[in-house]
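Since the structure comes first, as structure tokens, the remarks are kept for the end.
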Amino acid sequence: MIWYVLALVPLMGALAYRRAPLFLWAAVGVLWLSGFALAGGWGLGLTLFAMAAFAALCAIFLLDPVRKAHITAPILKTFRKALPSMSQTEKDALEAGTVWWEGQLFAGHPDWHRMLAYPWPTLTDAEQRFLDVDTSELCRLTDEWTTSQKQDLPMAVWDYIKRQGFLGMIIPTEYGGKGFSAYAHSQVVTKLSTRSSAAAVTVMVPNSLGPAELLLHYGTEAQKNHYLPRLAKGQEIPAFALTSPWAGSDAASIPDAGVVCMGEWKGKQVLGVRVSFDKRYITLAPVCTVFGLAFRLFDPDHLLGETEDVGITVALVPWNHPGVDIGRRHFPLNAIWMNGPIRGSDVFMPLDFIIGGPQMAGQGWRMLMESLAAGRSISLPGSNTGMQKLTARAVGGYARVRYQFKTAIGKFEGVEEALTRIGANTYLSDAARIFTAGAVDAGEKPSVVSAIAKYHVTERARQTVNDGMDVIGGKGICLGPQNFLGRAYQQIPVGITVEGANILTR
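Heads up, the sequence shown stops at 525 in my numbering, and the numbers go up one at a time, no gaps.
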């Protein structure tokens with residue numbers, strides 16, 4: 020009897036593993052109960068009673084109206100009481116972007132053949148030349164140790180980045196940009212990251228979530244015609260001010276607020292917005308000439324419409340606009356790329372500053388989520404995969420030439436384990452990077468996939484660089500021109516934290 024009962028566990032496990040339908044569970048249950056009654060020597064009356072009780076239980080689950088009324092509805096009611104209510108902003112965040120192949124993954128029935136059938140991203144001749152020639156030259160001009168000593172990229176590097184169009188890779192050619200694919204953008208960032216984090220971040224941020232991306236999708240024709248050619252040529256350096264000291268990058272909770280009112284602009288009284296804001300950790304803020312500003316807009320006097328709480332709004336503001344204060348530069352973990360705060364108190368700006376014009380007021384959250392999905396698919400997966408490729412190449416070679424006890428350290432079992440993880444994580448991260456960039460090129464706005472890719476690639480980069488530091492030992496501890504991994508080790512937490520901290524994203 021005891022073995023008969025124990026056999027029920029693997030039987031139920033097999034049904035659950037095969038995702039068996041309810042009627043199959045019921046049929047197997049009847050057979051098991053019949054066998055159990057026979058083995059236990061039950062009488063006819065007890066057996067019939069047990070069968071009737073089991074049939075009634077099965078009916079509750081098999082009959083849809085009965086199950087929904089007596090099982091599903093009470094459970095749903097309990098969950099609704101336990102969970103906090105969802106705001107309209109949170110609903111917009113969930114609905115932002117598109118559902119791609121990950122929809123099948125979360126449904127529990129992934130079609131792997133369909134995934135493998137997606138076209139492999141490729142580079143055009145122009146993109147390949149830019150990667151092989153221009154990007155290689157930028158890598159040659161950049162040296163991590165030199166930039167760390169000067170606390171900035173050399174002026175020759177800044178000039179080269181602007182002149183060769185690195186800041187306008189995503190801007191279409193009709194506006195003077197490169198018009199590159201997401202895959203090409205990812206390839207450039209990955210390659211630069213193997214040489215210099217400062218160069219990689221300086222290039223990737225303007226091509227990720229920022230004024231150019233938002234203008235392309237939501238800007239007015241006047242805004243596009245004015246700013247996009249200047250951004251493409253490096254005449255304007257963009258930044259994007261979203262993060263608040265009190266709300267991280269959660270735009271739904273930012274305290275920065277603006278009120279619709281009349282004010283003076285160029286000697287005339289015009290309808291505009293008076294905004295107070297305190298932004299922090301803004302990449303390129305110390306050198307930017309124009310920045311995107313996210314704030315919550317209110318219209319208490321109904322100058323725009325009937326709604327008082329208009330919602331998250333995004334404006335494009337020149338750095339020297341009256342009332343704007345670009346604060347002192349941050350120094351994030353010895354990283355040399357520019358980062359700092361942007362503040363303003365009662366800053367008046369006309370409604371024309373809103374990206375997309377007054378009709379896009381209150382649409383900022385969806386704009387940000389959809390644009391972040393594209394940028395997050397490329398920037399951090401690319402830069403952190405580059406770190407891993409550097410680690411795999413340099414640490415792998417070091418393990419061959421560094422001898423200990425008359426044996427190459429790469430032959431020691433502990434080092435072999437670390438090298439295996441380095442190789443596997445780098446391979447997996449590169450595959451995820453390419454796959455996700457391909458989704459963007461296919462026209463998707465993969466908000467979920469980009470979050471998954473960002474989380475896993477940055478976490479694997481952390482393990483890869485940590486393993487690399489373990490292998491090279493003292494070689495990675497003392498910073499200097501011959502230390503190829505120390506700076507990467509210092510800056511690993513940056514990727515873990517930005518664009519959605521991993522501890523919350525997971």
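Every residue gets a Cβ at the ideal spot worked out from N, C-alpha and C, and that includes glycine.
According to DSSP, simplified to helix, strand and coil, what is T165? Looking at T165 - three-state DSSP - the assignment turns out to be helix.
Which runs of the beta strand (DSSP E) fall wholly inside the region 112–192 and span at least 3 residues, in chain order? Those beta strand (DSSP E) runs which fall completely within the region 112–192 and span 3+ residues do not exist here.
S396 and A304 - do their beta-carbons sit closer together than 8 Å? In this structure, S396 does not lie closer than 8 Å to A304 by Cβ.
Measure how close the beta-carbons of L290 and L322 come, nearest whole angstrom, since I'm counting them as under 8 Å. Between L290 and L322 the beta-carbon gap is near 6 Å, inside 8 Å, which marks them as a contact.
Taking the straight line between their C-alpha atoms, what separation do you get for K252 and I355? Distance between the alpha carbons of K252 and I355 is about 23 Å.
Cα separation between P225 and L186? P225 and L186 have their alpha carbons spaced roughly 6 Å apart.
Rounded to whole angstroms, what is the Cα-Cα separation between V85 and I79? Rounded to the nearest whole angstrom, the CA to CA distance from V85 to I79 is 6 Å.
6 Å CB neighbourhood of H236 in its chain, flanking five on each side removed: The answer is none, since no qualifying residue turns up.
Rounded to whole angstroms, how far is the Cβ of T209 from the Cβ of G401, which I believe are closer than 8 Å? Between the beta-carbon of T209 and that of G401 there is about 5 Å, and that keeps the pair under the 8 Å contact cut.
Supposed contact pair S227 and A219 - C-beta distance, whole angstroms, cut 8 Å: About 11 Å separates the beta carbons of A219 and S227, which is beyond the 8 Å limit, so they are not a contact pair.
In this structure, what does DSSP give as the bridge partners for Q358? The residue you asked about is not Gln; residue 358 is Asn in the sequence shown. The partner list for N358 (beta bridge, DSSP) reads T302.
Beta strand (DSSP E) containing L312: first to last residue? That run of the beta strand (DSSP E) goes V309 to F317.
Rounding to the nearest angstrom, what Cα-Cα distance links V24 and P40 in this structure? When rounded, the distance between both Cα atoms is 22 Å.
Terminal residues of the continuous beta strand (DSSP E) containing P40? Unbroken run through P40: none, as it is neither H nor E.
Among V47, P465 and G311, nearest to I301 - alpha-carbon criterion: For the residues V47, P465 and G311, the minimum Cα distance to I301 belongs to G311.
C497 to Q242, Cα distance in whole Å? The straight-line gap from Cα to Cα measures roughly 49 Å.
Any idea if N444 is buried or exposed, counting beta-carbon neighbours within 10 angstroms, 16 or more meaning buried? By the neighbour-count definition (other C-beta atoms within 10 Å, threshold 16), N444 is a buried residue.
Under three-state DSSP, which class holds Q509? Here DSSP, grouped into helix, strand and coil, assigns Q509 to helix.
Where do the ends of the beta strand (DSSP E) carrying A75 lie? For A75, there is no enclosing beta strand (DSSP E); the residue is part of the alpha helix (DSSP H) that begins and ends at L63 to L81.
Just curious, the alpha helix (DSSP H) that G330 is in, first and last residue? That residue, G330, is in no alpha helix (DSSP H); its beta strand (DSSP E) goes D328 to P337.
Backbone CA spacing between A231 and R440 [nearest angstrom]: If you take the alpha carbons of A231 and R440, they lie about 38 Å apart.
Return the first residue and the last residue of the beta strand (DSSP E) that E283 is part of. For E283, the uninterrupted beta strand (DSSP E) run begins and ends at A276 to W284, by DSSP.
Determine, using beta-carbon pairs with one atom in the region 251–267 and one in the region 278–293, whether at least three such pairs fall under 8 Å. No contact exists between the region 251–267 and the region 278–293.
If you compare alpha carbons, which of T221, H204, A69 and P360 is closest to G346? Closest by alpha carbon: P360.
Tell me the rounded alpha-carbon separation between G195 and N244. Across the structure, G195 and N244 are spaced so that their CA atoms are roughly 10 Å apart.
Buried or exposed by the 16-neighbour rule on C-beta atoms within 10 Å, applied to A217: Counting Cβ neighbours within 10 Å, A217 comes out buried, since at least 16 surround it.
Just the C-alpha distance for A203 and F149, rounded to the nearest angstrom, thanks. For A203 and F149, the distance between alpha carbons rounds to 9 Å.
Below 8 Å between beta carbons: does that hold for Y417 and I511? In this structure, I511 does not lie closer than 8 Å to Y417 by Cβ.
Compute the Euclidean distance between the alpha carbons of V279 and K110, then round it to the nearest angstrom. A direct Cα-to-Cα measurement between V279 and K110 gives close to 25 Å.
Extent of the continuous alpha helix (DSSP H) to which V459 belongs: Its alpha helix (DSSP H) spans residues E432 to D460.
With 16 other CB atoms within 10 Å as the buried threshold, where does N339 fall? With fewer than 16 other Cβ atoms within 10 Å, it is exposed.
Give me the Cβ distance between Q383 and I331, rounded to the nearest whole Å; I'm assuming they're in contact under 8 Å. Here residue 383 is Gly; the residue named in the question, Gln, does not match the sequence. 4 Å between Cβ atoms; contact.
Straight-line gap, V484 to M406 (C-alpha atoms, nearest Å): Going by the C-alpha atoms only, they are around 8 Å apart.
Do the region 369–388 and the region 170–187 touch if we need at least three Cβ pairs shorter than 8 Å? A contact between stretches requires three or more CB pairs, one per stretch, nearer than 8 Å, and the region 369–388 fails this requirement with the region 170–187.
Where does S466 land, buried or exposed, given buried means 16+ other C-beta within 10 angstroms? By the beta-carbon neighbour count (other beta carbons within 10 angstroms, threshold 16), S466 is buried.
In three-state DSSP terms, what is K87? It is helical.
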